[in-house]
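**Student:** Going down the list, the protein sequences come from chains A and B. According to my numbering, the first sequence is numbered sequentially starting from 57. According to my numbering, the second sequence is numbered sequentially starting from 57. Idealized CB from N, CA, C, for every residue including glycine. First the structure, then my questions, so here it is.
Protein chains: 2
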Amino acid sequence: MKKMLILSVLLACGPACFSQQVEKFPLGDYEELTDTKPHDGVEVWNKMKAPVQFCWGTTDVRYKKLDVPDAKQTGTLRLKAWKGERVNAQAVLWTQKDLEGAEMTVSELKNGSSVIPASAVRTHFVRYVMTDELNKDGSGGCGVRENKAEWDSSMVADVLDIVRVREVKARTTQPVWLNVWVPAEARPGKYKGTLTVSGKNFEAMKLPFEIEVVNRTLPAPKDWVFHLDLWQNPYAVARYYQVPLWSKAHFDAMRPIMKMLADAGQRSITASIMEKPWAGQTEDPYHSMIFRMKKLDGTWVYDYTVFDKWVEFMMNEVGIKDLISCYTMIPWALSFDYFDQATNQVQFIKAAPGDKAYAEYWGTFLKDFARHLREKGWFEKTAISMDERPMEAMQEAIKVIKSADPEFKITLAGNYHEEIQGDLYYLSIPYGNQFPAEVKAERERKGQISTVYTCCTEAFPNTFTFSAPAEAAWTALHAVAGGYDGYLRWAVNSWPIDPLRDSRFRTWAAGDTYSIYPGPRSSIRFERLVEGLQDCEKIYVLRKELEAKGATGKLKKLNAKLSEFTPEGWIKTNKKSPALMVKEMNALLNEM
Amino acid sequence: MKKMLILSVLLACGPACFSQQVEKFPLGDYEELTDTKPHDGVEVWNKMKAPVQFCWGTTDVRYKKLDVPDAKQTGTLRLKAWKGERVNAQAVLWTQKDLEGAEMTVSELKNGSSVIPASAVRTHFVRYVMTDELNKDGSGGCGVRENKAEWDSSMVADVLDIVRVREVKARTTQPVWLNVWVPAEARPGKYKGTLTVSGKNFEAMKLPFEIEVVNRTLPAPKDWVFHLDLWQNPYAVARYYQVPLWSKAHFDAMRPIMKMLADAGQRSITASIMEKPWAGQTEDPYHSMIFRMKKLDGTWVYDYTVFDKWVEFMMNEVGIKDLISCYTMIPWALSFDYFDQATNQVQFIKAAPGDKAYAEYWGTFLKDFARHLREKGWFEKTAISMDERPMEAMQEAIKVIKSADPEFKITLAGNYHEEIQGDLYYLSIPYGNQFPAEVKAERERKGQISTVYTCCTEAFPNTFTFSAPAEAAWTALHAVAGGYDGYLRWAVNSWPIDPLRDSRFRTWAAGDTYSIYPGPRSSIRFERLVEGLQDCEKIYVLRKELEAKGATGKLKKLNAKLSEFTPEGWIKTNKKSPALMVKEMNALLNEM
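In structure tokens:
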């Protein structure tokens with residue numbers, strides 16, 4: 057009787073019971089969720105050549121945690137890089153037995169008397185996160201996913217951990233990511249280094265590698281031509297790190313995350329100038345960074361303390377300073393917050409562009425905002441951002457902006473509209489759409505920025521946690537191939553509730569909302585995106601150089617290769633593997 | 057087939073359907089709810105001496121709408137009044153047939169060449185409102201009443217309408233209220249006047265009345281000794297009148313309501329210095345009249361615009377200026393609002409007296425508040441109000457107040473507590489409780505105010521819409537009889553959703569939350585309360601006069617009569633009818 061009672065208690069205590077013991081928002085080490093997929097059995101693991109193996113793999117593969125990996129290379133891995141470029145590699149460790157205290161070390165890289173210091177090298181244990189899949193019809197990843205059981209879920213390698221020592225369990229694969237940031241001042245030549253794995257209960261194993269630094273220099277990210285716009289979410293950071301919004305602890309938490317963005321060439325600061333600009337679609341909704349009070353006498357008071365602090369932080373401490381994108385004048389829910397002195401409550405004006413109340417709410421604000429921005433010296437860097445709405449609404453919003461200050465910059469991430477594109481300093485249009493050539497040329501002459509975006513819509517290319525790693529690089533290359541000035545993604549750290557363990561969200565395919573993890577931790581997706589962005593800069597450099605030289609042949613070859621990175625170009629290649637396409641592009645860029 | 061369809065549509069359209077046609081918040085004429093109680097049938101109505109009758113009734117009776125009233129007097133009604141006093145009378149009109157356009161007129165009142173002008177006379181059609189009853193055990197009216205069906209409901213005469221012309225339906229009773237405000241400068245003597253009812257389809261009927269003005273003067277309400285404290289709810293007015301809070305229209309709506317209070321001798325301005333001081337117990341919760349912002353740097357900003365505007369209105373336009381009661385430092389829900397600059401949201405600090413956060417929230421505010429009040433010249437008139445809480449909590453709150461400014465006045469409406477009474481400038485204790493005589497005397501010497509309150513607790517005396525009209529006067533007389541300085545009721549216009557038609561609320565017996573109706577319309581309860589308050593002032597005047605004269609006999613007689621107006625005194629009278637008690641007191645006060 058007694059035993060049965062105990063058993064029933066155990067049965068009653070399901071996953072929820074045990075998950076209480078899991079730290080809510082880990083920043084250090086953490087337990088991954090269980091991989092419940094079919095996987096290699098003991099008999100497969102028993103066939104290993106040695107109890108522990110360590111080989112070079114490829115950055116194109118998300119190695120499965122419970123399968124014996126397809127990796128053989130133990131000889132020197134050869135990489136090529138420009139001066140100032142970051143290059144990636146992936147090694148794989150797998151084992152029949154538990155490995156205690158596995159740890160990576162990398163020697164300095166030597167080329168005779170020249171050295172790339174070990175500090176230029178990052179190594180990460182690759183960690184596994186829960187993902188889902190495309191919509192059942194393969195059409196993309198949009199839509200609501202409240203019931204996770206409706207989508208096939210699995211654990212995928214994506215997180216690049218910052219934890220230095222790991223216990224590797226018997227019959228598991230532990231990939232290792234290697235990233236070398238070649239100093240801009242490195243002497244060209246072949247640098248040799250070694251990646252070592254060591255631990256308490258197994259003999260250290262070494263993998264040699266070589267980086268051939270070619271005699272070309274990649275500009276520093278701050279000088280990149282490519283216009284990168286990955287939207288930041290400060291509110292997610294405050295929640296996950298459990299720190300007060302805009303406190304020193306909050307900025308301390310954000311600094312390394314935002315520096316990762318700056319190092320990827322990020323150009324825009326994401327600022328929210330109203331409550332829930334996207335109707336709270338992210339786990340952590342954006343609040344207004346600007347306080348508005350409607351006084352009893354009907355006048356308005358604005359306070360920019362939070363906005364200023366955020367912008368100053370991004371500009372002065374992080375180094376992202378080209379554009380302050382202010383969201384939004386046409387939100388999805390046409391409801392605008394203000395603090396009402398009379399009721400001592402936050403109230404919402406429901407008004408559509410074209411309404412008198414809309415013009416008053418925004419017109420009064422924008423005049424004061426323009427005054428404030430000029431005072432701060434930011435007016436030229438600030439853009440009032442709109443979301444996609446019916447044409448008339450957008451035209452009415454533009455009217456209100458122009459009437460507040462005709463010199464206000466305006467942005468839109470939405471469809472291409474002939475009627476208003478001329479008013480848009482910055483226009484990002486969806487993947488698969490193009491700017492008419494003469495419009496693009498005219499926009500360039502006027503100093504207007506024209507980019508492309510992807511979101512949940514695209515089955516390919518995308519950066520879901522289950523997307524092929526090369527798709528991230530492919531996406532960046534597509535932006536240049538398609539004649540755009542850059543790339544936009546609406547979220548880079550809009551974390552779901554438990555982003556390190558589970559990348560699924562209540563809407564969209566998993567990973568749609570972020571590619572930087574708390575810690576901060578990079579990801580396979582983010583590293584491969586930076587790879588693509590570097591390729592873009594290389595293309596800009598080479599084009600300039602080849603044009604100056606009149607090297608038409610090489611230029612043609614480069615552009616022909618690049619043209620594969622478009623929907624039409626890709627079809628012409630018979631849908632070649634994106635991994636191969638990127639590999640070929642990398643090689644071409646390094647040999648030109 | 058077609059007819060059946062129509063019928064089913066009609067059936068589907070129940071009360072909700074028809075009620076849509078009812079104006080939501082009427083200010084002018086309106087339809088009463090249906091009286092569904094058993095009532096006099098046609099055969100009773102057919103026995104009327106004439107098709108239409110008009111007689112004097114009594115102010116002690118709520119005449120039933122559908123019953124033939126017990127009223128016979130058509131000869132002169134004789135009233136007595138002091139100069140400056142308001143006197144009430146009630147007439148009853150009842151009819152076998154529909155009366156079209158019934159209308160009241162009153163002549164000027166004449167005493168030889170002396171005149172009380174018609175402008176000093178108010179007449180009101182008495183209107184019917186839905187009420188409920190005491191708790192089933194007769195213990196009072198406290199508790200939740202979500203399910204109205206659990207209490208017996210009926211229509212009662214209470215509202216004194218401002219509509220001048222009424223259609224009176226066949227076989228109904230239409231009472232008429234008469235109020236004469238004898239001018240303070242009226243010459244003593246007997247004034248004769250006539251109350252006339254006329255209409256389109258019946259002959260005018262007249263009722264003569266006479267007011268004997270005695271040679272004593274009742275002071276003007278602003279000079280009354282009695283400390284009256286009926287809590288005002290500006291938020292209910294804004295909602296019912298559908299006007300923006302604190303707008304000109306809002307103040308225009310409040311002015312006549314608050315003047316009714318001023319004319320009743322109201323002394324205190326009800327101010328809310330935090331969000332929902334009583335946890336939103338009224339249909340319209342009180343918001344904070346003071347804006348607090350916690351800035352990013354941790355400092356606090358306060359804005360007193362609303363508070364100032366409300367207080368200035370009450371003082372300068374209404375004439376209520378003795379005390380600003382600021383609710384509350386110990387609310388029932390220990391949750392304190394502020395606008396948080398970081399999150400751009402209203403946030404709540406949960407903290408109890410004694411907590412560091414409590415002391416910081418209130419201490420910081422009270423220091424700034426004291427500074428502001430001194431600037432306005434209001435510091436001496438302002439009291440920080442507490443609600444009943446455990447002794448330690450009250451002591452901690454007092455500590456915080458005293459440490460912010462030791463001269464801050466403090467009030468409590470709650471039980472008598474020896475330990476803290478000395479700190480309380482104003483202390484109102486529940487009906488049935490008494491201040492120890494020496495404490496009361498000491499409080500008087502110190503200029504501290506000591507009053508009594510009733511609320512839902514009392515089955516008698518009370519001012520529910522079903523309470524006997526005389527109980528209102530009785531309550532006021534009790535305050536003097538019990539040796540208190542005045543009377544407090546926690547609500548005078550905290551209207552339920554449809555106050556003109558339905559006085560029931562989701563909590564407490566009907567009418568508990570208000571005695572002034574929208575319009576504003578007075579009520580039988582409010583007029584009878586003013587009657588009692590006038591009696592109190594007469595007692596103060598007479599006591600002073602008799603003491604000065606050394607008229608011990610008369611003084612003794614007066615005090616003996618007054619002593620009946622206490623729980624013990626009433627029992628000694630064998631629970632005499634309160635109506636008779638008040639009537640006897642009125643007579644005594646007029647003949648002394």
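Can you pull the chain A neighbours of residue 344(B), defined as C-beta to C-beta under 8 Å?
**Tutor:** One-based indexing of the second sequence puts residue 344(B) at position 288. By Cβ distance, chain A contributes 400.
**Student:** Roughly how many whole angstroms lie between the Cα atoms of residue 571(A) and residue 131(A)?
**Tutor:** As a first step, residue 571(A) is located in the first sequence; it is residue number 515 there, counting from the start. As a first step, residue 131(A) is located in the first sequence; it is residue number 75 there, counting from the start. Residue 571(A) and residue 131(A): Cα-Cα distance of roughly 32 Å.
**Student:** Alpha carbons only, please: which of 138(A), 225(A) and 238(A) is nearest the one belonging to residue 174(A)?
**Tutor:** Start at 1 with the first residue of the first sequence, and residue 174(A) comes out as number 118. The residue with the shortest Cα to Cα distance from residue 174(A) is 238(A).
**Student:** Express the C-alpha separation of residue 90(A) and residue 64(A) in angstroms, rounding to a whole number.
**Tutor:** Taking the first sequence and counting its residues from 1, one reaches residue 64(A) at position 8. Taking the first sequence and counting its residues from 1, one reaches residue 90(A) at position 34. Per-residue confidence for residue 64(A) stands at a pLDDT of 36, beneath the threshold of 50, marking its modelled position as unreliable; the derived number appears in the next sentence. Cα to Cα, residue 64(A) sits roughly 23 Å from residue 90(A).
**Student:** Checking contacts by CB at 8 Å: is residue 397(A) closer than that to chain B?
**Tutor:** As a working mapping, residue 397(A) is identified with position 341 in the first sequence. Yes - at least one Cβ of chain B is within 8 Å of the one on residue 397(A).
**Student:** With a threshold of 7 Å on Cβ separation, who are the neighbours of residue 521(B) within its own chain once the five nearest residues in sequence on each side are excluded?
**Tutor:** Translated into the one-based positions of the second sequence, residue 521(B) becomes position 465. Excluding positions up to five away in sequence, the list reads 185, 187, 212, 214, 559, 566 and 567.
**Student:** Using the C-alpha atoms, what's the distance from residue 195(A) back to residue 82(A)?
**Tutor:** Position 26 of the first sequence, counted from the first residue, corresponds to residue 82(A). Position 139 of the first sequence, counted from the first residue, corresponds to residue 195(A). Taking the straight line joining both Cα atoms gives about 34 Å.
**Student:** With distances taken Cα to Cα, identify the nearest neighbour of residue 350(B) among 453(B), 405(B), 127(B) and 437(B).
**Tutor:** Start at 1 with the first residue of the second sequence, and residue 350(B) comes out as number 294. Answer by Cα proximity: 405(B).
**Student:** Report the rounded CA-to-CA distance for residue 106(A) versus residue 79(A), giving the unit in angstroms.
**Tutor:** If you number the first sequence from 1, residue 106(A) lands on position 50. If you number the first sequence from 1, residue 79(A) lands on position 23. Looking at the two C-alpha atoms, the distance is approximately 36 Å.
**Student:** In chain order, which continuous runs of the alpha helix (DSSP H) of length 4 or greater are located wholly inside the segment 477 to 525 of chain B?
**Tutor:** Within the segment 477 to 525 of chain B, the complete alpha helix (DSSP H) runs of at least 4 residues fall at 493 to 501.
**Student:** In chain order, what residues of the segment 302 to 335 of chain B put their CB closer than 8 Å to some CB of chain A?
**Tutor:** 302, 303 and 331
**Student:** Which term fits residue 447(B), buried or exposed, when burial requires 16 or more other beta carbons within 10 angstroms of its beta carbon?
**Tutor:** Translated into the one-based positions of the second sequence, residue 447(B) becomes position 391. Classification for residue 447(B): exposed.
**Student:** State buried or exposed for residue 583(A), treating a residue as buried only when at least 16 other CB atoms are found within 10 Å of its CB.
**Tutor:** Mapped onto the first sequence, residue 583(A) falls at position 527. Residue 583(A) is buried by the Cβ-count criterion.
**Student:** Quick one: Cα of residue 360(B) to Cα of residue 384(B), how far?
**Tutor:** Here the question's residue 360(B) lines up with position 304 in the second sequence. Here the question's residue 384(B) lines up with position 328 in the second sequence. Distance between the alpha carbons of residue 360(B) and residue 384(B): 16 Å.
**Student:** What's the gap between the Cα of residue 616(B) and the Cα of residue 266(B)?
**Tutor:** Along the second sequence, read from residue 1 onward, the residue named residue 616(B) stands at position 560. Along the second sequence, read from residue 1 onward, the residue named residue 266(B) stands at position 210. If you take the alpha carbons of residue 616(B) and residue 266(B), they lie about 30 Å apart.
**Student:** Between the beta-carbon of residue 217(B) and the beta-carbon of residue 577(B), is there less than 8 Å?
**Tutor:** Residue mapping note: residue 217(B) aligns to position 161 of the second sequence, counting from 1. Residue mapping note: residue 577(B) aligns to position 521 of the second sequence, counting from 1. A contact, by the Cβ cut-off of 8 Å.
**Student:** With a threshold of 8 Å, are at least 3 pairs of Cβ atoms found where one atom belongs to the segment 145 to 165 of chain B and the other to the segment 277 to 285 of chain B?
**Tutor:** no
**Student:** Could you tell me whether the segment 295 to 306 of chain B touches the segment 388 to 406 of chain A, where touching means 3 or more Cβ pairs closer than 8 Å?
**Tutor:** Short answer: they touch.
**Student:** Check whether the Cβ of residue 361(A) lies closer than 8 Å to any Cβ atom in chain B.
**Tutor:** Position 305 of the first sequence, counting from 1, holds the residue named residue 361(A). Yes, residue 361(A) counts as interfacial toward chain B.
**Student:** Please confirm if the segment 308 to 318 of chain A is in contact with the segment 334 to 342 of chain A, defined as three or more CB-CB distances below 8 Å between the two stretches.
**Tutor:** no
**Student:** Tell me the rounded alpha-carbon separation between residue 408(A) and residue 451(A).
**Tutor:** For the purposes of this step, residue 408(A) is identified with residue 352 of the first sequence, where counting begins at 1. For the purposes of this step, residue 451(A) is identified with residue 395 of the first sequence, where counting begins at 1. Rounded to the nearest angstrom, the two C-alpha atoms are 12 Å apart.
**Student:** With DSSP run on the structure shown, which of helix, strand or coil describes residue 592(B)?
**Tutor:** Along the second sequence, read from residue 1 onward, the residue named residue 592(B) stands at position 536. In the structure shown, residue 592(B) sits in a helix (DSSP, three-state: H, G or I).
**Student:** Which residues, in chain order, does the segment 363 to 375 of chain B contribute to contact with chain A at a C-beta distance below 7 Å?
**Tutor:** Those residues of the segment 363 to 375 of chain B that come within reach of chain A (Cβ to Cβ, closer than 7 Å) are 365.
**Student:** Quick check on the DSSP output: the beta strand (DSSP E) that includes residue 156(A) runs from which residue to which?
**Tutor:** The residue given as residue 156(A) occupies position 100 in the first sequence. Taken as a continuous stretch (DSSP letters only), the beta strand (DSSP E) holding residue 156(A) covers 155 to 162.
**Student:** Compare the C-beta of residue 341(B) with all C-beta atoms of chain A and state if any pair is closer than 8 Å.
**Tutor:** As a working note, residue 341(B) is residue 285 in the second sequence. With 8 Å as the cut-off, residue 341(B) does not count as an interface residue toward chain A.
**Student:** Strictly by DSSP, which residues pair up with residue 181(A)?
**Tutor:** By 1-based counting over the first sequence, the position of residue 181(A) is 125. Answer by DSSP bridge pairing, in chain order: 232(A).
**Student:** Whole-angstrom Cβ separation of residue 229(B) and residue 94(B), contact assumed at under 8 Å?
**Tutor:** Translated into the one-based positions of the second sequence, residue 229(B) becomes position 173. Translated into the one-based positions of the second sequence, residue 94(B) becomes position 38. Wrong, their Cβ atoms sit about 15 Å apart, outside the cutoff.
**Student:** Helix, strand or coil for residue 631(B) per DSSP?
**Tutor:** Taking the first residue of the second sequence as position 1, residue 631(B) is located at position 575. Residue 631(B): coil per DSSP, three-state reduction.
**Student:** Flag residue 290(B) as yes if its beta-carbon sits less than 8 Å from any beta-carbon of chain A, otherwise no.
**Tutor:** Position 234 of the second sequence holds residue 290(B). It does not: the Cβ of residue 290(B) has no partner Cβ on chain A nearer than 8 Å.
**Student:** Give the interface partners of residue 387(B) over in chain A, defined as CB-CB distance under 9 Å, in chain order.
**Tutor:** Locating residue 387(B) in the second sequence gives position 331, where the first residue counts as 1. Chain A residues near residue 387(B): none, gap ~15 Å exceeds 9 Å.
**Student:** Tell me whether residue 542(B) is buried or exposed, calling it buried when 16 or more other Cβ atoms sit within 10 Å of its Cβ.
**Tutor:** Within the second sequence, residue 542(B) is the residue found at index 486, counting from 1. The residue in question, residue 542(B), is buried, as its Cβ has 16 or more Cβ neighbours within 10 Å.
**Student:** With a threshold of 8 Å between beta carbons, is residue 421(A) in contact with chain B?
**Tutor:** On the first sequence, position 365 is the one that residue 421(A) refers to. For residue 421(A), the answer is no, since every Cβ of chain B falls outside 8 Å of its Cβ.
**Student:** Contact between the segment 462 to 480 of chain A and the segment 494 to 509 of chain A: three or more CB pairs below 8 Å?
**Tutor:** yes
**Student:** At 8 Å on the CB atoms, spell out the chain A contacts of residue 351(B), in chain order.
**Tutor:** The sequence position of residue 351(B) within the second sequence is 295, counting from 1. Residues of chain A passing the Cβ test: 361.
**Student:** Run through DSSP, which three-state label would residue 328(A) get?
**Tutor:** Here the question's residue 328(A) lines up with position 272 in the first sequence. The answer is strand: DSSP assigns residue 328(A) an E or B state.
**Student:** Classify residue 84(A): buried if its beta carbon has 16 or more other beta carbons within 10 angstroms, exposed otherwise.
**Tutor:** Residue 84(A) sits at position 28 when you count from the first residue of the first sequence. Exposed, by the Cβ-count rule.
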